[in-house]
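What follows is a set of notes on a single structure, which appears directly below.
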Amino acid sequence: MEDFTEEMLAERQHALDVDKWLASEAAGYDLCGSFTFCARCDKTETHPCARAEARFAAEEEKETALFEEAQEELEANEDIGADESETAEEPAEEVSEEVAAADAGALPEGYEWVTRYRRSFKSRLIQNEKMQDFYTEIRNALSELAGLRSRVSQACENFRFHGDRIARLSIGGKTLTLYLALDPDAYEDTKYRYEDVSERKTYEETPMKIRVTSKRMVKYAKELIADLAAKHGVPVVGHIPMDYHAPYEDDAALIKKGLIKPYNVLVKKKKK
């Protein structure tokens, strides 16, 4: 904030006022309070919007630094998540009989190469319209939380507030799964259906697992997101709903885009 003079703040305030007015006219209602930086606004100050935007930018820079410092650990966790997701879809008998391709010199007798596909979070969404319905609802609910940053990896989408991961979306098989930084024990004997995954290192930060399989579960997920905001002191500022639906694409198109990655494994031949 020290880098900004009163003149600079006044100029930026004027520009923001014009932007807000034009956006409000287009939307048909007053959008004041709906911008990402509005949660940092103090109306008692001069040039409140400009100062709020400056605070928000400073927080963004700090969070970016935290992300970079934790990048290696984050990627390691996400790789674990991807492996677990793939394993869950493969028959148990085949998994136990796989031989790591890298360790196989010659083709052992009774074994054969097969191609499997590591499907990314995005690819699973693209190929499931019903899941896109649920994702759009949940994603918009999370977008109402000011200062929440999202990052999509191959395995999932992480949401962080001031550097702390407080929510995660992933897809296991054909089910959208929401993980929240809430205490599962606090919701015992309630209407909410969830799983406590706190014992798994990957989900230590987000131990409450909710499978989003119906409109009712979407409703419950939104209620829990509201609890999440209250627990972590995240301002809820509203959000103009976005449509996150995408047209269907087949495996070939998604492989070309790098969203599906084929890989070969050596497995024991099935008995005929």
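The sequence shown begins at 0 in numbering that gives the first Met the number 0 and counts up by one. Backbone N, C-alpha and C define an ideal beta-carbon position, used for all residues, glycine too.
Query	Result
Stretch-stretch touch, CB-based, cutoff 8 Å, three pairs: the stretch 192-204 with the stretch 144-151	no
Top-ranked residue by Cα proximity to Lys129, from Thr174, Ala26 and Lys200	Thr174
Beta-carbon proximity check, Ile137 vs Leu179, cutoff 8 Å	no
Whole-angstrom distance between Tyr134 and Ile170, CA atom to CA atom	10 Å
Assumed close pair Gly146, Val233 - CB separation to whole angstroms, cut-off 8 Å	7 Å
Element boundaries [beta strand (DSSP E), containing Tyr262]	Ile259 to Lys267
Cα-Cα separation, Ala220 to Phe158	15 Å
Endpoints, alpha helix (DSSP H) assigned at Glu24	Glu5 to Ala26
Cβ-based burial, Arg215 [other Cβ within 10 Å; buried from 16]	exposed
Outcome for Glu222 when other beta-carbon atoms lying within 10 angstroms are tallied against a minimum of 16	exposed
Under the three-state DSSP convention, the category Ser213 falls into	coil
Short Cβ contact (8 Å threshold) for Arg118 with Ile259	yes
N-terminal and C-terminal residue of the beta strand (DSSP E) that Ile125 is part of	Taken as a continuous stretch (DSSP letters only), Ile125 belongs to no beta strand (DSSP E), being part of the alpha helix (DSSP H) at Phe120 to Ile125.
Ala53 versus Asp242 - alpha carbon distance	29 Å
Arg164 to Glu204 span [Cα, whole Å]	6 Å
Helix, strand or coil at Leu181 according to DSSP, with G and I counted as helix	coil
Buried or exposed (CB count within 10 angstroms, at least 16 for buried), Arg199	exposed
Cβ-Cβ separation, Leu227 to Ala284 (assumed contact under 8 Å), whole Å	The requested residue 284 is not part of the displayed model; the chain covers only 0 to 271.
Run of the beta strand (DSSP E) containing Phe160, from where it starts to where it stops	Cys155 to Phe160
Residues near Arg50 by beta carbon distance below 6 Å, same chain, minus five either side	Glu44
DSSP beta-bridge partners of Ser149	Phe158
Minimum C-alpha distance to Gly251 - residue among Gln126, Asp18 and Ile209	Gly is not the amino acid found at residue 251; the sequence shown has Ala there. Of the candidates Gln126, Asp18 and Ile209, the one whose C-alpha sits nearest the C-alpha of Ala251 is Gln126.
Where the beta strand (DSSP E) through Arg167 begins and ends	Asp163 to Gly171
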